[in-house]
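Student:
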Amino acid sequence: VKRERPADRLVDWSLGEVESVAKARLPQMAFDYAQGGAGPERTLAENVAAFARYRFRPRFLVDVSKRDLSTRLLGRTHPVPFGLAPTAFHRLFHAEGEAGTARAAASRGVVHCVSTLSTTALEEVAQAGAPRWFQLYVHRDRALTRSLVERAKGAGYEALVWTVDAPVWALRERDRRNRFSLPPPLKLANFERYLDKAGGGADGLANYVNSQLDPSLTWDDLAWLKDVSGLPVLVKGLLTPEDAALAVERGADGMVVSNHGGRMLDHVPATLDALPGIVQEVRGRVPVLLDGGVRRGADVLVALALGADFALVGRQAVWGLAAGGEAGVARVLDLLREELDNAMALTGRRSVADVDASLVARV
Ligand SMILES: Cc1cc2nc3c(=O)[nH]c(=O)nc-3n(C[C@H](O)[C@H](O)[C@H](O)COP(=O)(O)O)c2cc1C
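Structural data, given as structure tokens:
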């Protein structure tokens, strides 16, 4: 007898199933845009495979009756050591769009990094009241960039996440094949006057980025950004200790070890493999975050064990949004939390501070 569970039918999937639930609900173009990566997608696969190379070394007979998943970052206590990575175009995935994502984040107290390329204006996303950061793409038009930064600050965004790994756009074969574009009436809600450049035709997004974003940026621009924003700036997209050293030297308030989810340049290492060298270089002077390949709560724990202070989740949250709007994102956050808590208890770790390199072994 097949039992119906109407109350939770919408969201009774696990983290292993959410991508396929999303796939069934999305047009091919939207699914491919989110799932795919650059070139032959080797780095995309590597990001996930890297986590499978680590095993836990559980310790027992530790009193784990009381556990605390919270962590301090950028002057705030976060209930869990992970948040939502910036992802573009949420209304492509669900009618609730960025507002739905933000309400889910707010309900769980989880930080939500909102993309420059959101399909809901940053002020409207802020209404949900989630702890929030603003992901910035610096445009050639510095007045426009400055106004984005000022608007974000005015709307209560607590940090800028400056994405530096996209001086030119990626070569994404699936998007080319699908002639990816934002279907009307969706638009880049943060700057309507560039709408025409983003839409339509093969490589619409690439044309937008290549014509509007500034490929001449250098480390000198970090000081400018800190100055005009007055906000902490996390540099997103670093993969080498050399760049991590420069970030610290030039005054970054933190960094995100990221390869854009394998979406910019293929053939770069998995973020988890790039992490330890960067952590060693930074020596705790500023927080080091990681994104890429985090699919499970246990993955967050592996990243923390290898020295990350915090993890960001991209695709899993997008799939949750596609599968169930706000409720779907909330379910993804709850499952990640549940799995992380479970893995901490079963490895004898009571708090994030208890997590160190002795927790994992490479196989
Ligand atoms: C659909 C999608 C859109 C994205 N849009 C942006 C963006 O606008 N800005 C940005 O800095 N990163 C963007 N990213 C990259 C994410 O911030 C993050 O680096 C990546 O998704 C992490 O890998 P994961 O998807 O394996 O968790 C996007 C990723 C996806 C999947």
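Residue 77 is where the sequence shown starts when you use the working numbering, and the numbers rise one by one after that.
For every residue, glycine included, the Cβ atom is placed at its ideal position computed from N, Cα and C.
I want to check one thing, is the minimum distance from the CB of Leu193 to the heavy atoms of ligand 1 below 6 Å?
Tutor: Reading the sequence shown from its first residue, position 117 is the one you call residue 193. Under cutoff, so the answer is yes.
Student: Compute the beta-carbon to beta-carbon distance between Val309 and Leu236, rounded to the nearest angstrom, for a pair I have assumed lies under 8 Å.
Tutor: Here residue 309 refers to the residue found at position 233 of the sequence shown. Here residue 236 refers to the residue found at position 160 of the sequence shown. That pair is a contact at about 5 Å.
Student: Looking at Pro243 and ligand 1, is the gap between the Cβ and the nearest heavy atom below 6 Å?
Tutor: By one-based count along the sequence shown, residue 243 stands at place 167. Incorrect: Pro243 has no Cβ contact closer than 6 Å to ligand 1.
Student: With a threshold of 6 Å, establish whether the CB of Val370 neighbours any heavy atom of ligand 1.
Tutor: For the purposes of this step, residue 370 is taken as the residue at position 294 of the sequence shown. Yes, Cβ of Val370 sits closer than 6 Å to a heavy atom of ligand 1.
Student: Could you tell me which whole alpha helix (DSSP H) segments of length 4 or greater appear in the segment 197-253?
Tutor: The segment 197-253 contains these whole alpha helix (DSSP H) runs: 198-202, 218-230 and 249-253.
Student: Grab the span of the beta strand (DSSP E) containing Ala387 for me, first residue to last.
Tutor: Within the sequence shown, numbered from 1, the residue matching residue 387 stands at position 311. Per DSSP, Ala387 belongs to the beta strand (DSSP E) from Phe386 to Val389.
Student: In the segment 158-186, which residue ranges form an unbroken alpha helix (DSSP H) of at least 4 residues, counting only runs that do not cross its ends?
Tutor: With a minimum length of 4 residues, the continuous alpha helix (DSSP H) runs that stay inside the segment 158-186 are 173-184.
Student: Going straight from the alpha carbon of Ser223 to that of Ser305, what length do you get?
Tutor: If you number the sequence shown from 1, residue 223 lands on position 147. If you number the sequence shown from 1, residue 305 lands on position 229. Straight-line Cα distance between these residues: approximately 10 Å.
Student: Determine the DSSP secondary structure at Gly151, reduced to helix, strand or coil.
Tutor: Position 75 of the sequence shown, counted from the start, is the residue given in the question as residue 151. The answer is coil: DSSP assigns Gly151 none of H, G, I, E or B.
Student: Comparing C-alpha positions only, which one of Glu249, Trp295 and Leu262 sits nearest to Trp282?
Tutor: Against the sequence shown, residue 282 aligns to sequence position 206. Looking at the sequence shown, residue 282 is not Trp but Ala. That would be Glu249, whose Cα lies nearest to the Cα of Ala282.
Student: What first and last residue would you give for the alpha helix (DSSP H) that runs through Val378?
Tutor: As a first step, residue 378 must be located in the sequence shown, where it is residue number 302. Note, Val378: alpha helix (DSSP H), Gly373 to Ala381.
Student: For Phe136, does the count of other Cβ atoms within 10 angstroms reach 16, so buried, or fall short, so exposed?
Tutor: Reading the sequence shown from its first residue, position 60 is the one you call residue 136. Exposed, because fewer than 16 other Cβ atoms sit within 10 Å of the Cβ of Phe136.
Student: Please classify Leu341 as buried or exposed, where buried requires at least 16 other C-beta atoms within 10 Å of its C-beta.
Tutor: On the sequence shown, residue 341 is found 265 positions in, with the first residue counted as 1. Buried: at least 16 other Cβ atoms inside 10 Å.
Student: Over what stretch of residues does the beta strand (DSSP E) that includes Lys142 continue unbroken?
Tutor: By 1-based counting over the sequence shown, the position of residue 142 is 66. From DSSP, Lys142 is part of no beta strand (DSSP E); its letter is neither H nor E.
Student: In three-state DSSP terms, what is Trp89?
Tutor: Here residue 89 refers to the residue found at position 13 when the sequence shown is read from its first residue. DSSP places Trp89 in coil when its eight states are reduced to three.
Student: Sort Lys99, Arg131, Arg143 and Ala98 by Cα distance to Glu414 and report the nearest one.
Tutor: Looking up residue 414 in the sequence shown gives position 338. The option with the nearest alpha carbon to Glu414 is Arg143.
Student: Would you mind stating whether Arg179 and Ala204 have Cβ atoms separated by less than 7 Å?
Tutor: Translated into positions along the sequence shown, residue 179 becomes position 103. Translated into positions along the sequence shown, residue 204 becomes position 128. Yes.
Student: In terms of residue numbering, what span does the beta strand (DSSP E) encompassing Gly360 cover?
Tutor: The sequence position of residue 360 within the sequence shown is 284, counting from 1. No beta strand (DSSP E) holds Gly360; DSSP gives it neither H nor E.
Student: Counting only the same chain and skipping the five closest in sequence on each side, list residues whose C-beta sits under 7 Å from that of Val201.
Tutor: Working through the sequence shown from its first residue, we reach residue 201 at position 125. Around Val201: Glu174, Ala175, Ala178, Val190 and Ser194.
Student: Between His215, Arg148, Pro103 and Ala126, which lies nearest to Val240 when the distance is taken from Cα to Cα?
Tutor: The count along the sequence shown starts at 1 and reaches residue 240 at position 164. Of the candidates His215, Arg148, Pro103 and Ala126, the one whose C-alpha sits nearest the C-alpha of Val240 is His215.
Student: Looking at C-alpha atoms only, which residue of Gln356, Asp375, Ala242 and Ala437 is the closest neighbour of Gln288?
Tutor: Locating residue 288 in the sequence shown gives position 212, where the first residue counts as 1. Gln288 has its Cα closest to that of Ala242, out of Gln356, Asp375, Ala242 and Ala437.
Student: Using DSSP bridges, identify the partner residues of Arg26.
Tutor: Because residue 26 is not part of the residues shown, which for the chain are 77 to 439, the question remains open.
Student: Taking the beta strand (DSSP E) that Lys312 falls in, what are its first and last residues?
Tutor: Taking the sequence shown and counting its residues from 1, one reaches residue 312 at position 236. First-last of the beta strand (DSSP E) with Lys312: Val309 to Leu314.
Student: Check this for me: beta carbons of Ala398 and Arg101, under 7 Å apart or not?
Tutor: Here residue 398 refers to the residue found at position 322 when the sequence shown is read from its first residue. Here residue 101 refers to the residue found at position 25 when the sequence shown is read from its first residue. For Ala398 and Arg101, yes; Cβs fall inside 7 Å.
Student: Grouping DSSP H, G and I as helix and E and B as strand, with all else coil, what is Ser287?
Tutor: Looking up residue 287 in the sequence shown gives position 211. In the structure shown, Ser287 sits in a helix (DSSP, three-state: H, G or I).
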